[in-house]
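The structure appears below as structure tokens.
There are 2 protein chains.
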Amino acid sequence: MRVSQFFISTLKEAPSEAELTSHKLMLRAGLIRRLGSGLYTWMPLGLRVLRKVEAIVREEMNKSGGIELLMPAVQPAELWQETGRWEVFGPQMLKIKDRHERDFCFGPTHEEVITDVARREIKSYRQLPVSFYQVQTKFRDEIRPRFGVMRAREFMMKDAYSFHANFESLEQTYQVMYDAYSRIFTRLGLKFRAVAADTGAIGGTGSHEFHVLADSGEDAIAFCPDSQFAANVELAEALAPTTQRAEPAQTMQKIATPGQHTIDEITSFLKVSSDQTVKTLIVEGEHGLVALLLRGDHELNEVKAGKLAQITAFKGFASDARIREVAQCGVGSLGPVGLNMPVIADRAVSVMSDFVCGANEDGFHLTGVNFGRDLPEIEIADIRNAVEGDPSPDGKGKLEICRGIEVGHIFQLRTKYAEAMKATFLDETGKSQVMEMGCYGIGVSRIIGAAIEQGNDERGIIFPPAMAPFELVIVPIGMKKSELVKDEVEKLYTKLQTAGIEVLLDNRDERPGVMFADMELIGIPHRIVIGERGLKENQIEYQGRCDAEAQIVPLQNALDFIQLKLCTK
Amino acid sequence: MRVSQFFISTLKEAPSEAELTSHKLMLRAGLIRRLGSGLYTWMPLGLRVLRKVEAIVREEMNKSGGIELLMPAVQPAELWQETGRWEVFGPQMLKIKDRHERDFCFGPTHEEVITDVARREIKSYRQLPVSFYQVQTKFRDEIRPRFGVMRAREFMMKDAYSFHANFESLEQTYQVMYDAYSRIFTRLGLKFRAVAADTGAIGGTGSHEFHVLADSGEDAIAFCPDSQFAANVELAEALAPTTQRAEPAQTMQKIATPGQHTIDEITSFLKVSSDQTVKTLIVEGEHGLVALLLRGDHELNEVKAGKLAQITAFKGFASDARIREVAQCGVGSLGPVGLNMPVIADRAVSVMSDFVCGANEDGFHLTGVNFGRDLPEIEIADIRNAVEGDPSPDGKGKLEICRGIEVGHIFQLRTKYAEAMKATFLDETGKSQVMEMGCYGIGVSRIIGAAIEQGNDERGIIFPPAMAPFELVIVPIGMKKSELVKDEVEKLYTKLQTAGIEVLLDNRDERPGVMFADMELIGIPHRIVIGERGLKENQIEYQGRCDAEAQIVPLQNALDFIQLKLCTK
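Chains as they are written, first to last, in full-length UniProt numbering: chain U, 1 to 569; chain X, 1 to 569.
So this is what it looks like as structure tokens:
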């Protein structure tokens with residue numbers, strides 16, 4: 001492709017709305033343009049990248065037995081009412097009334113529609129298992145769309161749904177999809193991790209998220225470098241300490257700690273380390289207030305806490321006023337001794353002795369506190385976030401924490417939708433059974449933002465070769481003035497194209513610096529520079545996007561050289 | 001593809017909702033399934049057809065210099081307010097409010113969005129001309145969605161938009177697009193015709209519709225088989241007769257015609273032919289009532305009538321009550337003699353003499369009426385539909401009339417949108433100029449319905465080879481029982497696949513009749529039948545979808561034979 005026949009439009013500065021690196025670079029490189037809040041036009045250059053991702057997703061879905069179809073974007077409310085999600089889904093669903101005042105939505109997902117297809121089309125176990133997928137524009141009316149395509153309102157998704165005669169079959173397909181997803185992200189050239197995810201209210205047995213690893217990721221992931229273990233921090237179990245609680249060595253003392261509220265303030269004031277302190281959090285649960293004890297250097301995991309029978313539903317932290325009412329002190333002086341409500345301690349707290357905590361009296365803390373002596377032994381649970389260095393729950397090493405961007409999610413839905421919508425089939429004995437169901441999503445457009453978060457430098461985007469809009473760019477120097485340059489550029493361009501290489505010819509006749517900067521910003525992996533000086537010695541220049549320096553290549557070796565580069569990168 | 005790994009779901013009977021042949025066949029063949037009114041899921045088989053159409057459209061657009069991008073489906077109201085179309089577009093536009101109560105629509109078309117892109121991105125004449133296109137899901141809230149994908153609410157469209165520094169450049173690109181469209185429909189294997197279309201309120205200089213010819217088409221097209229002339233009947237000029245008006249030969253007489261109102265009744269009662277009668281229609285125009293005279297065998301063309309200065313806007317026919325008020329008679333007795341309002345005669349009427357018309361008195365007609373003697377000479381205009389046998393307006397032969405389904409439309413928009421939205425550029429002299437603009441649409445999903453209207457028989461769909469979901473089907477007879485059949489089927493299947501042929505293997509082990517019927521219904525162009533009896537003589541059977549009989553082919557020639565068939569069909 002010649003730049004003159006294509007449309008490239010780069011910006012020196014990203015619009016101020018962009019916060020995240022990938023968002024800034026996508027705007028600067030002209031991959032996308034904003035139409036409205038959370039609405040982006042995929043410009044020609046960006047669309048090429050999107051199509052490459054789409055193609056790989058499609059190939060791997062087809063290989064895994066997925067059958068492509070295309071459901072409508074606009075869905076009637078009636079289907080969503082069957083599963084109860086019309087009300088439950090919330091304001092993320094873009095609801096629409098048609099000219100006859102009938103209710104529809106712009107599909108945020110398609111479980112209802114595909115289950116409707118399945119219940120009409122699938123009558124017999126002979127038709128099972130079957131996996132359908134589509135690549136489609138979805139809409140979710142995010143309250144605060146941001147980060148460009150990463151949290152856009154309109155986005156492109158690959159959504160797949162499988163139907164099964166029994167759970168074993170679902171588990172098999174689930175594994176096939178897990179493997180397909182791993183191949184997809186590997187082929188895309190992304191550093192990623194599959195992590196166990198919360199199955200939430202659906203209560204299925206299996207769910208994995210696929211995260212592209214990037215420091216800017218919204219999700220924290222706990223993983224074990226020595227094993228396969230990886231889980232969203234929300235879910236990663238913090239094992240009970242293997243150490244025993246030491247015998248009390250100190251007496252409990254009430255110490256004046258005027259103006260000292262936070263763990264940092266207390267540890268510095270009392271000259272103790274934070275793992276000798278206990279913090280007390282009072283939360284609102286389904287059945288009233290509950291106090292939660294955590295080691296000073298640990299953080300509450302609200303997902304885990306919400307699953308405790310004593311809490312059931314985590315409604316938030318108790319207000320200052322409510323705390324003063326029940327404990328007669330401020331938040332910074334709370335402690336478990338003499339606290340009149342259910343108290344649950346984190347596993348790490350259960351082995352502490354001679355610890356520091358608030359005295360339930362403003363301006364005072366207790367030191368040398370011990371369970372069994374100063375306060376009763378209390379209920380223990382895993383309620384904290386796992387941290388670096390924690391033992392891996394699979395017993396195979398220590399956890400590390402990284403951040404990730406969720407780009408895929410696979411889910412054993414079981415019979416939730418099929419039951420609500422009466423999607424049944426006749427089994428071998430002629431008995432009507434409810435189908436088992438799985439769903440498998442990939443955020444196709446989000447992948448591009450995630451890849452750029454992972455691959456960029458001060459000069460711009462570093463695309464994995466499989467996603468780059470073009471494989472190679474030829475930058476001619478002085479093509480307008482030199483017939484020699486023009487001839488050799490055209491020859492090489494044709495030769496590379498004929499060899500099936502996606503080559504971009506920057507024939508804009510701009511200053512070399514402008515062309516180099518644009519092509520680096522756009523993230524083209526390989527660059528050939530052809531100028532008269534080099535040609536006189538039958539030489540051209542090659543530089544990879546990540547190479548520190550250019551390399552001289554004999555003109556006659558250019559094709560072989562490039563082909564080798566394309567294979568090895 | 002093996003049928004067991006695909007999803008084929010045919011129906012014996014089409015649901016009663018389907019009226020049109022193509023709609024019935026698409027449902028029966030399982031190409032689409034209805035989700036709601038005007039909403040269809042493209043089932044795996046149908047999606048394959050859709051993708052083939054898409055691919056050909058894309059290839060030809062790319063060849064013509066089109067640059068693909070992808071704009072959001074959801075569009076902010078503000079852009080439509082800039083051009084005034086937010087109010088004008090009417091209830092076909094699906095309007096949406098987001099969670100913040102801001103106005104959006106599900107894009108029915110994208111002139112506003114692309115013009116917004118252009119005005120932001122295009123600054124200089126050096127960037128012009130440029131043509132963008134996309135293949136995208138659109139929504140038009142049809143008041144009565146019907147005919148399946150032919151008039152669906154959600155549909156797939158290829159929409160292209162070109163921007164230009166001047167009109168000459170627009171005209172050039174318009175011609176390039178005209179040629180691209182012609183190639184697209186030719187490659188799709190459709191009988192089609194490009195026809196001059198009404199430029200309507202936009203007032204551009206050029207517009208062509210591309211129609212797939214089919215008796216069930218909604219549009220009537222007048223064309224000249226001896227020349228390039230073709231126009232929507234709405235537009236086709238009916239030339240003035242070259243014959244002179246004969247001298248009066250009869251005296252005017254008032255004849256009692258009790259109970260005779262229609263032209264048919266009058267001609268039969270008075271024993272005259274309909275081309276000796278004149279019918280009088282009273283219509284409501286911008287400035288009041290106007291009487292229009294047409295030869296008894298001709299039909300009023302409302303588009304032409306609406307363009308007359310005396311009418312300006314065609315508001316409909318006058319009511320019976322209004323007619324009685326002004327003419328003191330019923331519709332069936334109207335005539336021009338003594339009628340007190342502006343009267344305009346069609347060109348064909350202007351050369352009539354001794355004609356029959358209503359007497360403006362119930363139960364009476366006049367015969368032997370003549371202009372200049374019995375009533376004044378009156379204003380003449382072209383206000384009728386052209387009919388078969390009319391001279392072609394280009395003077396090169398006689399018109400024929402056929403019916404068509406509009407599948408493409410190209411349009412010189414000129415500066416309508418660019419002016420409203422201030423899409424300007426700097427010309428060579430540094431002066432700011434408004435861009436010229438063209439738009440070019442193809443109803444991608446509609447094409448499939450149109451193709452089936454054109455290609456079908458009592459057994460089902462007859463796809464043009466370029467659109468068929470598979471090129472060839474292998475139907476094995478008794479594969480489960482015979483190892484020989486199984487082996488040879490697998491061998492041939494692999495051989496054909498390796499040769500790059502899209503072959504479907506019907507391995508369902510159904511009765512041959514069921515498999516034959518399904519594959520004919522689906523419209524696979526070529527069929528190979530492999531059974532034990534034939535194999536024992538090293539023979540297989542071939543039958544084309546339109547062939548009356550099967551043909552014996554030596555097994556060892558199968559591939560060559562098929563390749564030849566695929567090339568020549």
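Cβ atoms here follow ideal geometry from the backbone N, Cα and C, with glycine treated the same way.
Identify whether glutamate 265/U lies in helix, strand or coil by the three-state DSSP scheme.
-> Counting from one through the first sequence, the residue named residue 265/U turns up at place 265. It is helical.
At 8 angstroms on the CB atoms, spell out the chain X contacts of arginine 120/U, in chain order.
-> Walking along the first sequence from the start, residue 120/U turns up at place 120. Simply Arg33.
Whether cysteine 329/X touches glutamate 284/X by CB criterion (7 angstroms) | As a position in the second sequence, residue 329/X is number 329, starting the count at 1. As a position in the second sequence, residue 284/X is number 284, starting the count at 1. The beta carbons of cysteine 329/X and glutamate 284/X sit no closer together than 7 angstroms.
Nonlocal neighbours in the same chain, by C-beta distance under 6 angstroms from asparagine 370/X, ignoring five residues either side | Here residue 370/X corresponds to residue number 370 of the second sequence, with the count starting at 1. Short of 6 angstroms from the beta carbon of asparagine 370/X, and not among the five residues preceding or following it, lie these beta carbons of its own chain, in chain order: Pro248, Ser353.
Determine the direct distance from the alpha carbon of leucine 31/X to that of methionine 342/X, and round the result to whole angstroms.
-> As a first step, residue 342/X is located in the second sequence; it is residue number 342 there, counting from the start. As a first step, residue 31/X is located in the second sequence; it is residue number 31 there, counting from the start. Sequence check: residue 342/X is proline here, not methionine. Rounded to whole angstroms, the gap between the alpha carbons of proline 342/X and leucine 31/X is 55 angstroms.
Are the segment 390-397 of chain U and the segment 183-198 of chain U touching, with three or more C-beta to C-beta distances below 8 angstroms?
-> Counting C-beta pairs with one atom in each stretch, the segment 390-397 of chain U and the segment 183-198 of chain U have fewer than three that are closer than 8 angstroms, which means they do not touch.
Whose Cβ in chain X lies nearer than 9 angstroms to the Cβ of phenylalanine 6/U?
-> Taking the first residue of the first sequence as position 1, residue 6/U is located at position 6. Per Cβ cutoff of 9 angstroms: Ile67.
Start-end ranges of the beta strand (DSSP E) lying completely within the segment 80-142 of chain U, minimum 3 residues = The beta strand (DSSP E) runs of length 3 or more contained entirely in the segment 80-142 of chain U are, from start to end of the chain, 94-97, 103-106, 130-139.
Count the other CB atoms within 10 Å of the CB of isoleucine 8/U; is the residue buried (16 or more) or exposed (fewer)?
-> Residue numbering aside, residue 8/U sits at position 8 when the first sequence is read from its first letter. Within a 10 Å sphere around the beta-carbon of isoleucine 8/U sit 16 or more other beta-carbons, which makes this residue buried.
From methionine 61/U to glycine 107/U, what distance separates their C-alpha atoms?
-> The sequence position of residue 61/U within the first sequence is 61, counting from 1. The sequence position of residue 107/U within the first sequence is 107, counting from 1. Straight-line spacing of the CA atoms in methionine 61/U and glycine 107/U works out to 21 angstroms.
Using a C-beta cutoff of 7 angstroms, does leucine 505/U count as contacting chain X?
-> In the first sequence, the residue the question calls residue 505/U occupies position 505. It does not: the Cβ of leucine 505/U has no partner Cβ on chain X nearer than 7 angstroms.
So what does DSSP say about lysine 398/U, is it helix, strand or coil?
-> Within the first sequence, residue 398/U is the residue found at index 398, counting from 1. Lysine 398/U: strand per DSSP, three-state reduction.
Using the beta-carbon of each residue, which ones in chain U are nearer than 7 angstroms to aspartate 98/X?
-> Taking the second sequence and counting its residues from 1, one reaches residue 98/X at position 98. Taking a Cβ-Cβ cut-off of 7 angstroms, the neighbours of aspartate 98/X in chain U comprise Leu94, Asp141, given in sequence order.
Could you tell me whether the Cβ of glycine 107/U comes closer than 7 angstroms to any Cβ of chain X?
-> Taking the first residue of the first sequence as position 1, residue 107/U is located at position 107. No - not a single Cβ of chain X is within 7 angstroms of the one on glycine 107/U.
Per-residue burial, histidine 164/X [other beta carbons within 10 Å of its own, 16 or more giving buried] = Along the second sequence, one-based indexing puts residue 164/X at 164. Histidine 164/X sits buried, since 16 or more C-beta atoms from the chains shown fall within 10 Å of its C-beta.
Beta-carbon contacts of serine 392/X that lie in its chain and below 7 angstroms, excluding the five residues immediately before and after = As a working mapping, residue 392/X is identified with position 392 in the second sequence. Within the same chain, and ignoring the five residues on either side of serine 392/X in sequence, the residues whose Cβ sits closer than 7 angstroms to its Cβ are Cys224, Ser227, Phe229, Lys398, Leu399.
Could you check which residue in Ser162/U, Asp159/U, Tyr161/U, Thr137/U has the C-alpha nearest to that of alanine 152/U?
-> Translated into the one-based positions of the first sequence, residue 152/U becomes position 152. Alanine 152/U has its Cα closest to that of Thr137/U, out of Ser162/U, Asp159/U, Tyr161/U, Thr137/U.
Is the segment 373-384 of chain U in contact with the segment 293-307 of chain U, if contact means three or more CB pairs nearer than 8 angstroms?
-> Flag = yes, the segment 373-384 of chain U and the segment 293-307 of chain U touch.
For valine 117/U, decide whether its Cβ has a neighbour in chain X, counting only Cβ atoms nearer than 7 angstroms.
-> As a working mapping, residue 117/U is identified with position 117 in the first sequence. By this cut-off, valine 117/U is an interface position.
From proline 72/U to serine 37/X, what does the alpha carbon distance come to, in whole angstroms?
-> Position 72 of the first sequence, counted from the start, is the residue given in the question as residue 72/U. Position 37 of the second sequence, counted from the start, is the residue given in the question as residue 37/X. In this model, proline 72/U and serine 37/X are separated by some 11 angstroms (Cα to Cα).
Where the alpha helix (DSSP H) containing arginine 146/X begins and where it ends | Residue numbering aside, residue 146/X sits at position 146 when the second sequence is read from its first letter. For arginine 146/X, there is no enclosing alpha helix (DSSP H), as DSSP marks it with neither H nor E.
Would you mind giving the Cβ-Cβ distance between valine 278/X and cysteine 357/X, rounded to the nearest angstrom? I have them listed as a contact below 8 angstroms.
-> On the second sequence, position 278 is the one that residue 278/X refers to. On the second sequence, position 357 is the one that residue 357/X refers to. 4 angstroms between Cβ atoms; contact.
Would you verify that the beta carbon of alanine 548/X is, or is not, closer than 7 angstroms to some beta carbon of chain U?
-> The sequence position of residue 548/X within the second sequence is 548, counting from 1. So no, alanine 548/X is outside the interface.
Taking Cβ positions only, does valine 74/X come closer than 7 angstroms to chain U?
-> Taking the second sequence and counting its residues from 1, the one referred to as residue 74/X is at position 74. Interface residue, yes.
What span of residues does the beta strand (DSSP E) with arginine 33/X cover, start to end?
-> Translated into positions along the second sequence, residue 33/X becomes position 33. Arginine 33/X -> beta strand (DSSP E) spans 32-36.
Looking at C-beta atoms only, is the number of pairs between the segment 168-188 of chain U and the segment 452-462 of chain U that lie closer than 8 angstroms three or more?
-> The segment 168-188 of chain U is not in contact with the segment 452-462 of chain U.
Between the segment 8-28 of chain X and chain U, which residues of the former have a C-beta closer than 7 angstroms to a C-beta of the latter?
-> Taking 7 angstroms as the Cβ-Cβ cut-off against chain U, the residues of the segment 8-28 of chain X that qualify are Ser9.
Round the Cβ separation of glutamine 244/U and valine 351/U to the nearest angstrom and send it over; I've been treating them as touching at under 8 angstroms.
-> Along the first sequence, read from residue 1 onward, the residue named residue 244/U stands at position 244. Along the first sequence, read from residue 1 onward, the residue named residue 351/U stands at position 351. Contact holds; Cβ gap of about 7 angstroms.
Do you know offhand how far glutamate 121/X's Cα is from glutamine 75/X's?
-> As a position in the second sequence, residue 121/X is number 121, starting the count at 1. As a position in the second sequence, residue 75/X is number 75, starting the count at 1. Their backbone Cα atoms lie some 19 angstroms apart in a straight line.
Which one or two residues does DSSP pair with threonine 243/U in a beta bridge?
-> Counting from 1 along the first sequence, the entry for residue 243/U is found at position 243. Beta-bridge pairing links threonine 243/U to no other residue.
The beta strand (DSSP E) spanning lysine 254/X covers which residue range?
-> In the second sequence, counting from the first residue as 1, residue 254/X sits at position 254. Membership of lysine 254/X in the beta strand (DSSP E) is indicated by the continuous run 253-256.
Are any of the Cβ atoms in chain U nearer than 7 angstroms to that of glycine 38/X?
-> As a position in the second sequence, residue 38/X is number 38, starting the count at 1. Answer no: the Cβ-Cβ gap between glycine 38/X and chain U never drops below 7 angstroms.
Comparing the C-beta of threonine 186/U with each C-beta of chain X, is any distance below 7 angstroms?
-> The residue you call residue 186/U lines up with position 186 of the first sequence. Chain X, which has no Cβ nearer than 7 angstroms to the Cβ of threonine 186/U, makes this no.
Given alanine 423/X, which residues of its chain have a CB within under 6 angstroms of its CB, disregarding the five upstream and five downstream residues?
-> As a working note, residue 423/X is residue 423 in the second sequence. Non-local beta-carbon contacts of alanine 423/X in its own chain, meaning distances under 6 angstroms to residues more than five positions away in sequence, involve Thr115, Ala118, Arg119, Met435 in chain order.
In chain order, which alpha helix (DSSP H) runs of at least 4 residues are fully inside the segment 483-534 of chain X?
-> If one requires a minimum length of 4 residues, the alpha helix (DSSP H) runs lying completely within the segment 483-534 of chain X are 483-498, 512-522, in chain order.
For the beta strand (DSSP E) that asparagine 62/U lies in, which residues bound it at each end?
-> Taking the first residue of the first sequence as 1, we reach residue 62/U at position 62. Careful: asparagine 62/U lies outside any beta strand (DSSP E), inside the alpha helix (DSSP H) at 44-63.
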